[in-house]
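Visitor:
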Amino acid sequence: MQAFYAEVEAASGVSRAARDAAVGTPPSLAAKVGTSTLRALSTAFYARVFSADSPPAFRGLFSNVTAAEAAARQSDYLIEALGGPPMFSASRGAAALLGRHAPYAVGEAGAAVWLRFMADAVAEVVVEGKAGGKDAPALAARLMVFFRWTAWYIVLGRGLVNPCRVVGYRAKHDGGA
């Protein structure tokens, strides 16, 4: 796993220690940003995913859910992953980030689109929306550290998943995004 983490660090430009520091210790990043802001962030992100400007291969990764369903799932995950209550686990089971994303051919191009949409959503909701008050720019930076790590963790970790533990079905979207 150390070699895998080194690959993620190199690709994302974020060390594991920096990712851990961004999430932080109590009060958690989820507490500092706020549940309502994380929900608004996911809604803004998926508005971009489902927009006409979204690359068709990327938008197609989400063809089995509505924007509202995807935003609810993502915000529940973010709240939990950033140190808040176990909202995702309570409704959907263990996060299993790699297993849940393994059925999708998410590559570097998909990670780039995901990060661009997420950066735009963070700018809109956290910075322009002044979530966190005067700390909004610092909170936005911490969120983007977490997101950069997460995007590359998914891209590079796809091959590590035991096919028997994939959540969904493997052949979905083999074309890549």
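Here numbering that gives the first Met the number 0 is used: the first residue of the sequence shown is 0, the next is one more, and so on.
For every residue, glycine included, the Cβ atom is placed at its ideal position computed from N, Cα and C.
1) How many angstroms separate the CA atom of P84 from the CA atom of A56?
2) Using CA coordinates, which residue listed in D134, A150, V121 and E127 is at the minimum distance from A108?
3) Tell me the rounded alpha-carbon separation between A118 and Q1.
4) For R192, which residues in the same chain have their Cβ closer than 6 Å to its Cβ, ignoring the five residues on either side in sequence?
5) For chain C, find out if any of its Cβ atoms is closer than 8 Å to the Cβ of F146; answer yes or no.
6) Would you call R115 buried or exposed, if buried means 16 or more other Cβ atoms sit within 10 Å of its Cβ?
7) Candidates H100, W113 and L155: which alpha carbon is nearest S53's?
8) Can you tell me where the alpha helix (DSSP H) holding P136 begins and where it ends?
9) Relative to the C-alpha of V22, which candidate in G156, F145, Y152 and L155 has its C-alpha closest?
10) Classify S41: buried if its beta carbon has 16 or more other beta carbons within 10 angstroms, exposed otherwise.
11) Helix, strand or coil: which one does DSSP assign to T42?
12) Please list, in chain order, all residues of the same chain as V48 whose beta carbon is under 8 Å from its beta carbon, the five residues on each side excluded.
Guide: Let me lay it out:
1) As a position in the sequence shown, residue 84 is number 85, starting the count at 1. As a position in the sequence shown, residue 56 is number 57, starting the count at 1. Looking at the two C-alpha atoms, the distance is approximately 33 Å.
2) Your numbering for residue 108 matches position 109 in the sequence shown. For A108, the nearest C-alpha among the options comes from A150.
3) The count along the sequence shown starts at 1 and reaches residue 118 at position 119. The count along the sequence shown starts at 1 and reaches residue 1 at position 2. If I take the Cα positions, the gap works out to 28 Å.
4) In this structure the chain extends from 0 to 176, so residue 192 is not present and cannot be described.
5) Among the chains in the structure shown there is no chain C, since it carries only a single protein chain.
6) Stepping through the sequence shown from its first residue, residue 115 is reached at position 116. Burial check for R115: the Cβ neighbour count within 10 Å stays below 16, so the residue is exposed.
7) Taking the first residue of the sequence shown as position 1, residue 53 is located at position 54. For S53, the closest C-alpha among the options H100, W113 and L155 is that of W113.
8) Within the sequence shown, the letter at position 137 stands for residue 136. Unbroken alpha helix (DSSP H) run through P136: A135 to G156.
9) Along the sequence shown, read from residue 1 onward, the residue named residue 22 stands at position 23. Minimum Cα distance to V22 is reached at F145.
10) By 1-based counting over the sequence shown, the position of residue 41 is 42. When all chains shown are included, S41 counts as buried.
11) For this step, residue 42 is matched to residue 43 along the sequence shown. Note: T42 maps to helix in three-state DSSP.
12) Numbered from its first residue, the sequence shown carries residue 48 at position 49. Sequence-distant Cβ neighbours of V48 in its own chain, meaning closer than 8 Å and more than five residues away, are F57, R58, F61, A66, A69 and F116.
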